[in-house]
Amino acid sequence: MSESLVQLAVDFSLLSLFAFGGVITVLPEMHRSVVDVHAWMSGAEFAQLFALAQASPGPNILVVSLIGWKVAGLAGAVVATGAVCAPSSVLTFVISKVWQRFRGARWRQVVEDGLVPVTVGLMLAGGYLITLAADHSVVAFFVTAATAATVLTTRIHPLWLLGAGGLLGLTGWV
Amino acid sequence: MPWARRMLVEERRWLSDEEFSEMLSLCQVLPGPNIVNMAVCVGTRFRGARGAIAAFLGLLSAPFAIVLALAALFTQYGELSAISAAFRGISAAAAGLVVAMGLKMASSRRLRSAMALFALAAFVGIALFRLPLGLFLLGAAPASIAAAAWRRR
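Note that the protein sequences, when read in sequence, are chains A and B. Going by the numbering used here, the first sequence opens with residue 1, and the numbers climb by one from there. Going by the numbering used here, the second sequence opens with residue 1, and the numbers climb by one from there.
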């Protein structure tokens, strides 16, 4: 138990510092660590926790709280959430005090230009991996594709789409 | 994030539109959850370290409690076939949200150049070869930033 707490703390505090562009970009790494390396849960369970966090109000880092909770209960949830936030928050705290000085600096622009493409690739990788983990039928792949298409072409609130997915599941289609 | 903007800029008027955008761009460059970084930035700006901690706890406490309550309910009743069937559909839709977010970002103007190769490399390395992220970023991030610098000469 305490061993997995330490492991959660170590893994997620490292993830915190790699999460350029937000937590979704480290989704593949979370999946690798939680499912492949530690075998704390199956891919399908991982996808379920992710869906639960998406359906819940609040920031999407809550998936980390749920992973911690699944692995080591309430203590796990607190440790994992704290670990994924602390290193990046301390960094933000320090940098936000000096950042004003670099307003419009050329290297700032260069760093952003360089990081954005990598971030986009990671985001797409996250979409690919979570789709493989979540979908086990042709209809499920269809739901994923239709949801993505709807988000891209309309301004509908995502919760409606999660609800529609849930309804299709409930009626035995997925 | 749209809600954060509405609260900070329009309702409380703690930040001007420009200050908000600037803070957001910093929080997006830095690693970590963007919205958490944003809370830390705003808190620091008004009340230093204690403000940052207050903003952090304020942002996360309620959602944290709610999501754990949902998870507890899910463990209790998740075995029911109706719930697990519904969750197969919800999981599939949630995956679609991530796919859409990725595709939306892929249409960024920063990708309309050879820099798109770095996005491709990240996808292939992480999704297909399942490389550890840290290892990948140690190589890819400096290379990508160097390429960006070279292009801006």
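All C-beta atoms, glycine included, are put in the ideal place defined by N, C-alpha and C.
Residue i in three-state terms, based on DSSP
i: P158 (chain A); result: helix
i: F46 (chain B); result: helix
i: P161 (chain B); result: Residue 161 (chain B) is absent from the structure shown; chain B starts at 1 and stops at 153.
i: P33 (chain B); result: coil
Candidates the options: closest to residue i by CA position
i: G68 (chain A); options: A:F141, A:W173, A:S4, A:T144; result: A:S4
i: I130 (chain A); options: A:F50, A:P158, A:A86; result: A:F50
i: V143 (chain A); options: B:L97, B:L133, B:A140, B:E22; result: B:L97
i: G21 (chain A); options: A:E112, A:G43, A:S56; result: A:E112
i: W99 (chain A); options: B:F20, B:L26, B:A119; result: B:L26
i: G166 (chain A); options: B:F118, B:A116, B:R151, B:A94; result: B:A94
i: L8 (chain A); options: A:D36, A:G82, A:P28; result: A:G82
i: V23 (chain A); options: B:P31, B:A55, B:G43, B:A82; result: B:P31
i: L122 (chain A); options: A:V10, A:L15, A:V26; result: A:V26
i: L162 (chain A); options: B:R13, B:A92, B:I35; result: B:A92
i: M101 (chain B); options: A:C85, A:R108, A:E45, A:L124; result: A:L124
i: E29 (chain A); options: B:F136, B:E10, B:A140; result: B:F136
i: L73 (chain A); options: A:L152, A:T147, A:A146, A:S2; result: Contrary to the premise, residue 73 (chain A) reads as Gly rather than Leu in this sequence. Nearest option by C-alpha distance: A:S2.
i: L62 (chain A); options: A:A140, A:T147, A:V84, A:G169; result: A:V84
i: L132 (chain A); options: A:S16, A:A39, A:H38, A:A44; result: A:A44
i: L115 (chain A); options: B:A86, B:E10, B:A147; result: B:A147
Rounded C-alpha distance that separates residue i from residue j
i: P178 (chain A); j: A106 (chain B); result: Any question about residue 178 (chain A) goes unanswered here, given that chain A covers just 1 to 174.
i: S96 (chain A); j: N37 (chain B); result: 9 Å
i: L103 (chain B); j: A39 (chain B); result: 27 Å
i: F93 (chain A); j: V138 (chain A); result: 46 Å
i: V79 (chain A); j: F74 (chain B); result: 21 Å
i: L214 (chain B); j: V124 (chain B); result: Nothing can be reported for residue 214 (chain B): it is not among the residues displayed for chain B, which extend from 1 to 153.
i: R153 (chain B); j: V64 (chain A); result: 41 Å
i: I181 (chain B); j: S21 (chain B); result: Any question about residue 181 (chain B) goes unanswered here, given that chain B covers just 1 to 153.
i: A149 (chain A); j: I156 (chain A); result: 11 Å
i: A134 (chain A); j: G126 (chain A); result: 12 Å
i: L117 (chain B); j: A149 (chain B); result: 15 Å
i: A72 (chain B); j: A75 (chain A); result: 14 Å
i: S13 (chain A); j: H31 (chain A); result: 15 Å
i: S144 (chain B); j: A19 (chain A); result: 16 Å
i: T154 (chain A); j: V6 (chain A); result: 43 Å
i: T171 (chain A); j: R88 (chain B); result: 11 Å
i: Q28 (chain B); j: S88 (chain A); result: 11 Å
i: M7 (chain B); j: F129 (chain B); result: 42 Å
i: N34 (chain B); j: A4 (chain B); result: 11 Å
- Scan the segment 60 to 111 of chain A and note each continuous alpha helix (DSSP H) run of 4 residues or more that stays entirely inside, going in chain order. Correct list: 62 to 98.
- Uninterrupted alpha helix (DSSP H) stretches inside the segment 56 to 108 of chain B (no shorter than 4 residues): Whole alpha helix (DSSP H) segments, 4+ residues: 81 to 106.
- Message: I want to know whether the segment 57 to 73 of chain B touches the segment 51 to 58 of chain A - three or more CB-CB distances under 8 Å.
- Response: Between the segment 57 to 73 of chain B and the segment 51 to 58 of chain A there are three or more C-beta pairs closer than 8 Å, enough to call the two in contact.
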